[in-house]
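Position one of the sequence shown corresponds to residue 1 (UniProt numbering), numbered consecutively onward.
Glycine included, every Cβ here is placed at the ideal spot set by N, Cα and C.
Only one structure is covered here, and it is reproduced in the block below.
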Amino acid sequence: MRYLLTTVPGLEDFVVEELMRRFALRWSRATYLTGRVAAEVEAEPPSLFSLRTVERFGVFLGDGYAETLDEVVAVAEAHLPQAVRYLTKNTTVGIRTERVGAHPFTSRDVEREVGKWLKRRGYVISLVDPDVEINVDVVEKYVVVWITVAKRSLKDRPWRVYEHYASLNPIIAYAMAMLAKPRPGETVCDLTCGGGTIPAEAAEAAPWARYICVDISLKHVKGAVANTRRYPQVDVLWFDSTKLHRAMRPVCDKYIFNPPYGFRIPGRVGRLYKLLGEAMRRLARGPEALYVAITPRHKTFISQVGGQVLFRRVIYQGGLYSHIIMGKL
């Protein structure tokens, strides 16, 4: 079956890798930073609800490229006939457009014009809870047409009972864990864990490792305890991570973390990154401990933490372009 899967823009290849690992993948097509992956997979829809790298998914109808509203509508109309098999005259249909980038038209313009094509053929358009939801997404010049299967976002993990005010998308946390590749017997440290998103996702993906989750806020530590309660391999500490080496021997083999980036946290973020880098070196069990971090302040982070950068990836999250950085201290 042909699917369209949405993810965090910049992590499209992680979706393809997970599909290859878990299912028989016949073909896939993805454009970087669109957050969309088209794929033909030998799997029924219920089995896709367990994917860790996907937010929503549905039936892929087709795609193309366009710049004007007329061209977008033309792409949609070229693929809408494939949707007819999922519709009846008693079926209500909704048109949903997610638009990313600068365009001389709005999402409502696309929904209105595509809806006209369906109305002319006798289908009933519903703006509230339609039986079938047809998506016409426009990401810069890329247009993709698909039918929603998963209306509930798959990023809403069952373990999350506490919501940090700046919580990381669990899909990003999962991707970071996949980059770090925790091994049996290793200890992975998150020195700015907040509500524990990274340790929870990493423990779910690699339960054979140990995880230490540290935060300076007692409120967030309590939230992290609640979020990681089902994972006995996660230890949560209430401590200032920049001073943790004074109270703990070197135990960390790897680091996965999402440090504050200064927009909401007062003070000089550069100094914080420098202190975290020093603490990471003192807590490292090996001479070249690996780290995976995410921040929009990537230049400041790299200059202050130091070490060797092995990998850097731009993603789009929360209205910001952030960088996932993997390196050695």
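- Between the region 126-142 and the region 162-175 there are fewer than three C-beta pairs closer than 8 angstroms, too few to call the two in contact.
- Distances from the alpha-carbon of Ala74 to those of Ala38, Val144, Met20 put Val144 closest.
- Close CB contacts of Gly101 within its chain, under the 6 angstroms cut and outside five residues either way in sequence, are with Glu140 (chain order).
- If you draw a straight line from the Cα of Pro170 to the Cα of Thr192, it is about 15 angstroms long.
- In the DSSP assignment, the residues bridged to Tyr316 are Tyr321.
- In the three-state reduction of the DSSP assignment, Lys274 falls in the helix class, which pools H, G and I.
- In the three-state reduction of the DSSP assignment, Gly115 falls in the helix class, which pools H, G and I.
- Bridge partners of Leu179 according to DSSP: none are assigned.
- For Gln308, DSSP records a beta bridge to Lys328.
- Judged by DSSP in its simplified three-state form, Asp137 adopts strand.
- Taking every protein chain shown into account, the CB of Tyr123 has 16 or more other CB atoms within 10 angstroms, so this residue is buried.
- In this structure the region 54-67 does not lie against the region 88-102, because fewer than three pairs of beta carbons, one per stretch, are closer than 8 angstroms.
- Considering only Glu44, Ala43, Arg96, Val114, the residue with the shortest C-alpha distance to Glu71 is Val114.
- Distance from Val309 to Arg285 at the Cβ level is roughly 21 angstroms; contact not present, criterion being Cβ atoms closer than 8 angstroms.
- Taking a contact as a CB-CB distance under 8 angstroms, the pair Ser153 and Arg56 counts as one, their CB atoms being some 6 angstroms apart.
- Minimum Cα-Cα distance from Asp215 among the listed residues Asp13, Gln304, Thr242, Gly194 corresponds to Gly194.
- Spatial neighbours of Arg2 in its own chain (CB-CB distance under 6 angstroms, excluding positions within 5 residues in sequence) are listed in chain order as Glu40, Phe60.
- Here the alpha carbons of Leu320 and Ile294 stand approximately 12 angstroms from one another.
- Nearest Cα to Asn227 within the set Arg271, Arg246, Pro199, Gly318: Pro199.
- Residue environment: Val93 is assigned as buried (16 or more neighbouring CB atoms within 10 Å of its CB, all protein chains considered).
- Runs of the alpha helix (DSSP H) lying entirely within the region 281-307, each at least 4 residues long, are 298-305 in chain order.
- Counted as a single uninterrupted DSSP element, the stretch harbouring Arg157 is not any beta strand (DSSP E), since DSSP gives it neither H nor E.
- Taken in chain order, the complete alpha helix (DSSP H) segments of 4 residues or longer contained in the region 183-242 are 197-205, 218-227.
- Under the DSSP assignment, Val37 falls in the beta strand (DSSP E) whose first and last residues are 36-41.
- For Asp129, the three-state secondary structure derived from DSSP is coil.
- Segment contact: the region 179-186 against the region 80-99, fewer than three CB-CB distances shorter than 8 angstroms; contact not assigned.
- Gly223 and Ile315 have their alpha carbons spaced roughly 26 angstroms apart.
- For Asp63, the uninterrupted beta strand (DSSP E) segment begins and ends at 56-65.
- Between Gly277 and Gly306, the C-beta gap is smaller than 8 angstroms, which places the two residues in contact.
- Secondary structure note for Val73: its alpha helix (DSSP H) is the uninterrupted segment 69-79.
- According to the DSSP secondary-structure assignment, Gly122 is paired through a beta bridge with no residue.
- Beta bridge pairing from DSSP links Lys254 with Val188, Leu290.
- Between Thr34 and Tyr174, the CB-CB gap reaches or exceeds 8 angstroms.
- A direct Cα-Cα distance of roughly 48 angstroms separates Lys219 from Thr91.
- In this structure, the beta-carbon distance from Asp253 to Ala289 falls below 8 angstroms.
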